[in-house]
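Q:
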Amino acid sequence: MDWPHDPDGEEGSEGGRKYGQAVIAKKVDEDEDFPLNKAEFVEEYGDHPIRLDYERVVSLADIFEHVEGEEFGDFIELHKAVGKAMRENDFWFYEGAEQFVTSNTA
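Our numbering applies: residue 29 is where the sequence shown begins, and numbers increase by one.
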């Protein structure tokens, strides 16, 4: 896929690799973006690369296809929904993530 920028370049990683939710979090301004509309966020950033691990890069749209909810009131609500979607859909690289998939909480 042709990305709008290199996921490991200055714009994508600020000089050092960032992964998964850390990359998504950098796209959100806690003071100005909430409530955050999912469709508008995906429209703006959907084609941006999200590095999941040292080998895999997917688009933000690929992840948000699985995020439940259409609007998020604050950063914590968004962060929980994104984390849940990532864990349940094999976008979570971190060891032990599977223990959270069967949990009742996000």
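Even for Gly, the Cβ is constructed at its ideal location relative to N, Cα and C.
Could you check if Ala50 is buried or exposed, using at least 16 other CB atoms within 10 Å of its CB as the buried criterion?
A: Position 22 of the sequence shown, counted from the start, is the residue given in the question as residue 50. Ala50 should be labelled exposed.
Q: Is the beta carbon of Ala109 sitting closer than 9 Å to the one on Phe121?
A: By 1-based counting over the sequence shown, the position of residue 109 is 81. By 1-based counting over the sequence shown, the position of residue 121 is 93. Against a cut-off of 9 Å, the Cβ pair of Phe121 and Ala109 comes out as no contact.
Q: Quick one: what's Glu99 bridged to in DSSP?
A: Within the sequence shown, the letter at position 71 stands for residue 99. Paired residue(s): Asn65.
Q: Compute the Euclidean distance between the alpha carbons of Asp102 and Asp30, then round it to the nearest angstrom.
A: Start at 1 with the first residue of the sequence shown, and residue 102 comes out as number 74. Start at 1 with the first residue of the sequence shown, and residue 30 comes out as number 2. Cα-Cα distance, rounded: 31 Å.
Q: Reducing DSSP to helix, strand and coil, say where Arg79 ends up.
A: Locating residue 79 in the sequence shown gives position 51, where the first residue counts as 1. Arg79: strand per DSSP, three-state reduction.
Q: Using only alpha-carbon positions, find the residue among Leu80, Met114, Val85, Leu64 that is nearest to Val95.
A: Taking the sequence shown and counting its residues from 1, the one referred to as residue 95 is at position 67. Among Leu80, Met114, Val85, Leu64, the Cα nearest to that of Val95 belongs to Met114.
Q: Assign Val56 to one of three DSSP states: helix, strand, or coil.
A: Your numbering for residue 56 matches position 28 in the sequence shown. Here Val56 sits in coil by DSSP.
Q: Asp118 to Glu60, Cα distance in whole Å?
A: The sequence position of residue 118 within the sequence shown is 90, counting from 1. The sequence position of residue 60 within the sequence shown is 32, counting from 1. One C-alpha to the other measures close to 30 Å.
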